[in-house]
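**Q** Take this structure, written in structure tokens, and hold onto it; I'll ask about it next.
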Amino acid sequence: MPKEQIRKRGRRKPKADALDEEVATPISAPVQDTVTQSENDFNAGPSASTSSNIPTGIHPSRAALLAGRPAPSSEPTPNVGEGGAEGQQEEDGQADWTRGPRTESDFPFGVLDPDVKAYFRSVEEQIKDWEGVSSAGEEREDRQLFLTSVLSELRSHELPAATDPETSIILERLLPSLSDWGRRVIGDSFGDKWNEVIRHRFGSHVVQSWMTLAADTLDREARDVWPPQQAKQDETVGKLPTMTELFISIIDTLLPSLPQLLSSPHSSPPIRLLLLVLTPHRGLPTLGGESTERGNLIRSKRSGKYRNNQGVKGKSIFGEGEDDESKGKGKGKAVKRQVPAELTELRSKVRKELMGRLAEGEWKAMGVDAVGSATVQLLLEFEVEEGEAEKQGSLFDILTEGMITQLQNSPSTPLETQPYLLSLLASQTGTRLFESLLLLSPPHIFKAIWTTYFEKKLGKLAGHPYANFVVAKGVARLDKEQIEGLVGEIKTVSGGRGLIKAGRTSVVQALVDRSVSLVDSQKTVLDLIYSCLELPVAQKASLVPCLMNLKTYPMYQAILTGAPEEEKEESNDVPPETIDKAAEDAAAAAVRLAAWQNRRTAKPKTDGELAPNMQGCLILQGMMGMTAVNSIVLDSLTAQPIETYLEYAKNPIASHFLDSVFTNPSVPPKYRRKVMMAFMGKYRNLVEDRMGSRVVDTIWEKADGYMKEKIARSLIPHLTELGGSQYGKYFIRRAEVGLLDRRPEEWRERIVGVKHHFAHQKEQPAQPVQRFGGATEGEGEEKRKRKEKDEIDQLFEGVEKKRKKD
């Protein structure tokens, strides 16, 4: 139905009133902008439309019918409003409903033929069936023929397929199965269109997958390993460029527009990946979606989620093996990756080109941009690797607002805080850049940054919704004196209990991790945790439950007893001067948005509920490595009732804490034995639970022979029930509980590896008697049997002799 006939929103008028208005109101003809009416319309005589331009909302055909005129021409007017906007209002108030020319910005290389798209959809189903499944013999040959057929159909359609929303993901599935020669063919087919492909919404993802795989091809070219087709090329027809030549061409093509590409949401991730590919011995993001060292700087969470929903595994249709490890999925091999000598200097060339073309203000603006910040962090890391960070005018100097220059020119002059770095601490995106500055800065520059921007402000920054993550990153580089100063500043702000109540424990977690290597500071960190929890010295047994639930001791006791917690003045809890109102509002809005997005999967929480908390559990796991104080935590754990043990073992969060008790080498063996004995009699409940069975597996791996037998014997009475359990049957098979019930000695030899102490006294089988001439008694009987032949044996022997003669 044309849009002119669509009824507007609102209450519909009665039909009688509408007819009265049609008679009383003169009818206006449709507006003709610059096109002359047809001859019939012009000679039709005077009309009410010539004397009135009042719009009525009636279709022009109906208006002409009511006026006694012929219907107007249905041909669209050639003149369109600017941009072809539908419903654009003219000067007289009449809407222009003419469509403008269709733009094909989403399909810069044309729309793919529907038949070709249907073929690729059928190909995708076959790739899904073969992806990651090993093959050999004729099956492998069939898959190779299938791949050859697909590539021949893809020829001359590479660019439209890479930019089509349906076929681009199919092309990404196909790329891991290609050899080095096939990857070079795909790269060469893009020609000089890399700028358009890399800016495209779907084409940019194809480029990322291609570059990830091309890195392994570059590694082989650097080691002078070439595909067999390389020596068979006919140079008279044309020579396929090598992967090294393709990357040189790509960089030359993108270099003029590189500053604009860095801030584009589609082109920025491939540019960052390109810089990583040019870096030798650097791991790259995997195609299967696994998180890697720099994976968060390449693909966004939205992109990774889309790939996971599509089921993209990034595996070859020829199966897993050495060939697949060389195609970009070997994590260990990625660290040893080599780059050809022609490309080693291109990364530095790109960085220097950007430094010369972007002004200081542009670098600072890009540092707080959601898209460009990751690129700035990567370039900052490359600058530090090349040893140019401490030069005046470097990117590090620009982002620190001249700190490098001031330290070199006047090192004795005290530094002053600069507004740009202060703004980074209050920005969710800027904190990422500040973290990189702290981690990558040389020791003397880190000390200057920490002294200028953090000391005497740590009490406020540790509880800031964004800056607390920056402080946590800096804690990893502090010494004992600086840690003591940090702990002292946190205690000055309500004793640190605000960190527990707000759930901002990243600084406490970082202090625990840092104290594992700095043993002298472990007592100081433990005192801070006591202060944050408001835990009295006489109530150390409540340390584990308070931390696990991330509640202060008064709040924890109030929930247990059902009594209201003692109300404290807001000024005593969190001083007003330490609150960043704008940041708090932004963080609260982000929490509400996340809760709304996850409303279907999130479990409802009730007030006053005690449940294991992820942040508190991580702190407890880290404290297991603190050799000087972990006994205090373990004493608190062993003081809990068995119900608490079972609750922790069956919880997906708290069970990791119990695992760390058995897997951390710093835990004394006596505490492991206490926890094992505490579960005695309850192992049946554990092995029947989804998470509890995993805890039992961890206990089984660390238990000695005596404890293993004790655990297995406690399960013998429940052998029948556990055999039908969803999770218990696996542990029954692993522990071979049935064998222990039937043959205990054999079980000990097989599971524990201990032979019975009377095994050497068992009767040995009788040895055959040695007869005269070297033959034993058994051998003589066998020889005698072989010599004695009956008539049938002789008959068959005669037949065989005849066949041999013939």
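For the sequence shown, the numbering used here assigns the number 215 to the initial residue and increments by one for each residue that follows.
Ideal Cβ placement from N, Cα and C applies to all residues, glycine included.
Compute the distance between the beta-carbons of Pro441 and Asp394, then report whether it is under 8 Å.
**A** Yes, the Cβ-Cβ distance between Pro441 and Asp394 is below 8 Å.
**Q** His371: buried (16+ other C-beta within 10 angstroms of its C-beta) or exposed?
**A** Result: buried.
**Q** For Thr500, tell me which candidate among Glu449, Met425, Leu388, Glu902 has the shortest Cα-Cα distance.
**A** Minimum Cα distance to Thr500 is reached at Met425.
**Q** Under three-state DSSP, which class holds Val420?
**A** DSSP places Val420 in helix when its eight states are reduced to three.
**Q** Does the distance from the C-beta atom of Tyr667 to that of Leu692 stay below 8 Å?
**A** Not a contact, by the Cβ cut-off of 8 Å.
**Q** Report all residues from its chain with a CB closer than 7 Å to the CB of Phe256; omit the five preceding and five following residues, and keep chain order.
**A** At Phe256 the pLDDT is 34, less than 50, meaning the model places this residue with poor confidence; the figure from the coordinates comes in the next sentence. The answer is none, since no qualifying residue turns up.
**Q** Indicate whether Val875 and Lys922 have their beta-carbon atoms separated by less than 8 Å.
**A** Against a cut-off of 8 Å, the Cβ pair of Lys922 and Val875 comes out as no contact.
**Q** In this structure, does DSSP put Val330 in helix, strand or coil?
**A** Correct three-state label for Val330: helix.
**Q** Helix, strand or coil, according to DSSP, for Asp448 in the structure here?
**A** Here Asp448 sits in coil by DSSP.
**Q** Where Leu851 and Ile867 are concerned, what is the direct C-alpha to C-alpha distance, given to the nearest angstrom?
**A** When rounded, the distance between both Cα atoms is 16 Å.
**Q** How do the region 846-865 and the region 757-767 stand: do at least 3 beta-carbon pairs fall below 8 Å, yes or no?
**A** With the cut-off at 8 Å, the region 846-865 and the region 757-767 touch.
**Q** Within the region 911-946, note down every full alpha helix (DSSP H) run reaching 4 residues or more, in order along the chain.
**A** Whole alpha helix (DSSP H) segments, 4+ residues: 919-929, 933-937.
**Q** When the Cα atoms are used, what is the spatial distance from Pro374 to Leu651?
**A** Distance between the alpha carbons of Pro374 and Leu651: 42 Å.
**Q** Measuring CB atoms only, is the region 448-457 touching the region 409-421, in the sense that at least three cross pairs come out at less than 8 Å?
**A** Touching, no.
**Q** Is any heavy atom of the ligand MG found at a distance shorter than 7 Å from the C-beta of Arg904?
**A** Ligands are entirely absent from the displayed structure, and the ligand MG is therefore not among its contents.
**Q** Exposed or buried, which one is Lys578 when buried takes at least 16 other CB atoms within 10 Å?
**A** With 16 or more other Cβ atoms within 10 Å, it is buried.
**Q** With respect to the alpha helix (DSSP H) encompassing Arg571, which residues constitute its N-terminal and C-terminal limits?
**A** Here the alpha helix (DSSP H) through Arg571 covers 560-571.
**Q** Is the distance from the Cβ of Gly533 to the Cβ of Val347 below 8 Å?
**A** Taking 8 Å as the Cβ cut-off, Gly533 and Val347 qualify as a contacting pair.
**Q** Between which two residues does the alpha helix (DSSP H) containing Thr500 stretch?
**A** Per DSSP, Thr500 belongs to no alpha helix (DSSP H) and is neither H nor E.
**Q** DSSP three-state call for Ser481: helix, strand or coil?
**A** DSSP places Ser481 in coil when its eight states are reduced to three.
**Q** Could you pull the start and end residues of the alpha helix (DSSP H) that Met457 belongs to?
**A** Start and end: 457-468.
**Q** Does the distance from the CB of Gly673 to the CB of Val722 come in under 8 Å?
**A** Cβ atoms of Gly673 and Val722: not closer than 8 Å.
**Q** Could you please give the first and the last residue of the uninterrupted alpha helix (DSSP H) stretch that includes Asn865?
**A** Run containing Asn865: none; DSSP gives neither H nor E here.
**Q** Taking 8 Å as the cut-off, does the region 654-663 touch the region 594-604 (at least 3 CB pairs, one atom from each stretch)?
**A** The region 594-604 is in contact with the region 654-663.
**Q** Which one of His932, Leu764, Ala690 has the shortest CA to CA distance from Leu832?
**A** Residue Leu764 is the option with its Cα nearest to Leu832.
**Q** Ignore the nearest five residues each way along the sequence and tell me which others in Glu604's own chain have a CB closer than 7 Å to its CB.
**A** Same-chain partners within the cutoff: Ile618, Pro656.
**Q** Closest to Leu747 by C-alpha separation, out of Lys737, Ala772, Leu774, Gly709, would be which residue?
**A** Residue Gly709 is the option with its Cα nearest to Leu747.
**Q** Going straight from the alpha carbon of Glu615 to that of Gln632, what length do you get?
**A** Their backbone Cα atoms lie some 7 Å apart in a straight line.
**Q** Using only the alpha-carbon positions, how far apart do Asp911 and Leu936 sit?
**A** Cα to Cα, Asp911 sits roughly 15 Å from Leu936.
**Q** Excluding the five sequence neighbours on either side, which residues of its own chain have a C-beta within less than 7 Å of the C-beta of Gly688, listed in chain order?
**A** Excluding residues within five positions, the ones whose Cβ falls inside 7 Å are Leu652, Trp664, Phe668.
**Q** For Thr640, which three-state DSSP category applies?
**A** Residue identity differs from the one stated: residue 640 is Ala in this sequence, not Thr. In this structure, Ala640 counts as coil in the three-state DSSP scheme.
**Q** So Glu345 and Ile531 are in contact, right, with Cβ under 8 Å, and what is the actual spacing, rounded?
**A** About 6 Å separates the two Cβ atoms, so the contact holds.
**Q** I'd like to know whether the C-beta atoms of Ile697 and Leu749 end up nearer to each other than 8 Å.
**A** Not in contact: Ile697 and Leu749 (Cβ atoms no closer than 8 Å).
**Q** Can you say whether His495 is buried or exposed, counting buried as having 16 or more other CB atoms within 10 angstroms of its CB?
**A** By the 10 Å Cβ count, His495 comes out exposed.
**Q** Report the three-state DSSP secondary structure of Met905 (helix, strand or coil).
**A** Met905: helix per DSSP, three-state reduction.
**Q** Should Ala676 be labelled buried (16 or more other beta-carbon atoms within 10 Å of its own) or exposed?
**A** Answer is buried; the Cβ neighbour count reaches 16.
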